[in-house]
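722 is the number that the numbering used here gives to position 51 of the sequence shown; each next residue is one higher, with no gaps. Cβ atoms here follow ideal geometry from the backbone N, Cα and C, with glycine treated the same way. The structure presented is a predicted model; accordingly, all values stated were derived computationally and were not measured.
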Amino acid sequence: MAKKWIVANLKLYKGKKETLNWLKELLKIVDQNKNNIVVCPSALFIDEAYKLTKNTNVKVGGQDCSTYVDGAFTGEISASALSEEGASVVIIGHSERRRLFFENNSIVLKKLEIALNLGLTAIVCLSGESKDDYVNEIDAEVRELTKGIDPSFAKKIIFAYEPVFAIGTGVSMEPKLVNSALAQIKTTTKDVFGKSTFAIYGGSVNLETASEFLKEKNIDGLLIGKASKDASVFAKICEL
Ligand code: PGA
């Protein structure tokens, strides 16, 4: 079976010591060859996280990057800075960025172009707003977020479908429905690029439910928030 992407989004959950202890625990217990494991800590700890993981198969990623390449943009973190620190992946357009920091798809597309041009793998989160018409919403958004992107980047893009009602709420979307949502990501990206991208799901996945999602054909992996806070739980999900 193809490797799945198992991504820990550590959000603002952990300080430096906690992040590095979490990583050490993960590396001690996880089988690093079973799946593609990505850990996204605070940008401040990417350098140290990279040093700990560099001879392993665990990849380190950023949780966001700037819309700008460089210049007078106080407080921003550029994709190239992330890359220099050792990140090979970056999450873009997460629902918390959209909701709390007013990011829209034109901002997300700019970030995507910058990240891909630097060789980063981009986890592009769709807005996941519609509960009923999600198939049409996904089709329209994927088209918007791939406009002008060269098809050669298809395998460096991982679309993440995270319905807003499922993020951090304890209520995830039904695995079968997620499978149909991700099938639409694959259909649309195949239409746009000539080959489909990866498609993953996020939203209240936990150790009990993860295997139900990973069984589904179109689900290439999981983006995990709360359930990744405990390294041993996240490690178990990585081994499913
Ligand atoms: P959650 O978060 O697993 O806590 O719902 C997922 C995410 O925000 O990426």
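Exercise. For S775, is the classification buried or exposed, using 16 other Cβ atoms within 10 angstroms of its Cβ as the cut-off for buried?
Worked result: Looking at the sequence shown, residue 775 is not Ser but Asn. Counting Cβ neighbours within 10 Å, N775 comes out exposed, since fewer than 16 surround it.
Exercise. Assuming I762 and G742 make a contact with CB atoms under 8 Å, what is their CB distance in whole Å?
Worked result: Not quite, the Cβ-Cβ distance comes to about 23 Å (not below 8 Å), so this is no contact.
Exercise. Does the stretch 857 to 875 come close enough to the stretch 829 to 843 that 3 or more CB-CB pairs lie under 8 Å?
Worked result: yes
Exercise. Does any heavy atom of the ligand PGA sit closer than 7 Å to the C-beta of G757?
Worked result: no
Exercise. Can you find a heavy atom of the ligand PGA that lies under 7 Å from the Cβ of L697?
Worked result: no
Exercise. For S867, which residues from the same chain have a beta carbon less than 6 Å from its beta carbon, with the 5 sequence-adjacent residues on both sides left out?
Worked result: K857, T860, K861
Exercise. In the stretch 833 to 893, which residue ranges form an unbroken alpha helix (DSSP H) of at least 4 residues, counting only runs that do not cross its ends?
Worked result: 846 to 864, 881 to 885
Exercise. Thinking just about the alpha-carbon of each residue, which of T724, E812, I838 is nearest to the one in V701?
Worked result: T724
Problem set entry | A881 and L853 closer than 8 Å at C-beta | no
For this session: Can you give me the start and stop residues for the beta strand (DSSP E) that V795 sits inside?
Result: 792 to 796
Exercise. By a C-beta neighbour count over all protein chains shown, 10 Å radius and 16 as the cutoff for buried, is D821 buried or exposed?
Worked result: exposed
Exercise. According to the Cβ coordinates, are L816 and V779 closer than 8 Å?
Worked result: yes
Exercise. Counting pairs of beta carbons, one from the stretch 745 to 758 and one from the stretch 788 to 804, are three or more of them closer than 8 Å?
Worked result: yes
Exercise. Taking the beta strand (DSSP E) that C736 falls in, what are its first and last residues?
Worked result: C736 -> no beta strand (DSSP E), and no H or E assigned at all.
Exercise. Taking C-alpha atoms, which residue in L683, K886, G896, D901 lies nearest to K674?
Worked result: K886
For this session: Return helix, strand or coil for V740, following the three-state DSSP convention.
Result: coil
For this session: Report the residue from S823, G865, S759, V863 whose alpha carbon sits nearest the alpha carbon of P712.
Result: S759
For this session: Can you give me the start and stop residues for the alpha helix (DSSP H) that A720 sits inside?
Result: 717 to 724
Exercise. Roughly how many angstroms separate the alpha carbons of K781 and K699, rounded to a whole number?
Worked result: 38 Å
Problem set entry | Span of the alpha helix (DSSP H), counted from its first residue to its last, around V678 | Looking at the DSSP string, V678 is not in any alpha helix (DSSP H); the run it does join, the beta strand (DSSP E), is 676 to 680.
Exercise. Which same chain residues, not among the five before or five after I838, have their C-beta less than 6 Å away from its C-beta?
Worked result: S766, G874
Problem set entry | alpha helix (DSSP H) segment containing I778, residue limits | 776 to 788
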